[in-house]
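> Residue numbers (the UniProt record's numbering): 1 to 126. Backbone N, C-alpha and C define an ideal beta-carbon position, used for all residues, glycine too. Only a predicted model underlies this, so the values are computations on that prediction, with no experimental measurement involved.
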């Protein structure tokens, strides 16, 4: 059953067939962030009195470092998906919208890589 209007069928316009996967990925990343952020909050709360050395020791644990890397990846991926939706909804000029979405994706990747690099630098004592 085709739910497009006759005008949309004539123009060849309709569902772009990527909205559902985008929606699911945003929901899955949100669900994944719940335990990751709880872990981060509890981890930071339990190590507040240790100072910088305590934090370095906590991040030096490979399990904590890997979980934090995953948290950074999921966090910045989820943020880029959310910002993409906002841009697609509120920026009407197609060229500007594409440039902004590309910029947001690039910025999210840059921030994720920077955060992971900083984490490894701290965790490995560099």
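Just to check, is the beta-carbon of residue 119 closer than 7 Å to a non-hydrogen atom of the ligand PLP?
Judged by which ligands are present, the structure shown has none, so any question about the ligand PLP falls away.
> The alpha helix (DSSP H) spanning residue 103 covers which residue range?
Run containing residue 103: 94-123, per the alpha helix (DSSP H) assignment.
> Are the beta-carbon atoms of residue 123 and residue 65 separated by less than 8 Å?
Going by C-beta atoms, residue 123 is nearer than 8 Å to residue 65.
> The alpha helix (DSSP H) that contains residue 130, what's its start and end?
What is shown of the chain runs 1 to 126, which leaves residue 130 out entirely.
> Using a Cβ-Cβ cutoff of less than 6 Å, which residues in the same chain neighbour residue 54 once the five nearest sequence positions on both sides are dropped?
So the qualifying residues of the chain are 47.
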